[in-house]
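Since the structure comes first, as structure tokens, the remarks are kept for the end.
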Amino acid sequence: MASAFYRAVREAARREVPLLAAGNTTALQAAKALADRLAAERSVEDAAAWPISHPRCQRVFGPRPDVRRAG
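What follows is the structure in structure tokens.
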């Protein structure tokens, strides 16, 4: 799930960064658009299931459901 969230964020960045660079939108407008889009596509329960970390980071604030420890 963490990798799916990371892919969604990267996709959103590809959509928003050119608008920011061109000056067509402000950072606040881009953040609000992203928040609105994510709220429409995902539920609170989906978000609660995702760990709070970067997918490649070993330190997290919750269990990573997609990684199992050896042993």
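Here the sequence shown stands for residues 21 to 91, numbered as in our numbering.
We treat Cβ as the ideally placed atom computed from N, Cα and C, and that holds for glycine.
Inter-residue distance for Asp56 and Gln49 is about 10 Å (C-alpha atoms, whole angstroms). With a cutoff of 8 Å on beta-carbon distance, Ala47 and Leu40 are scored as near each other. Under the three-state reduction of DSSP, Ser63 is assigned to coil, being neither helix nor strand.
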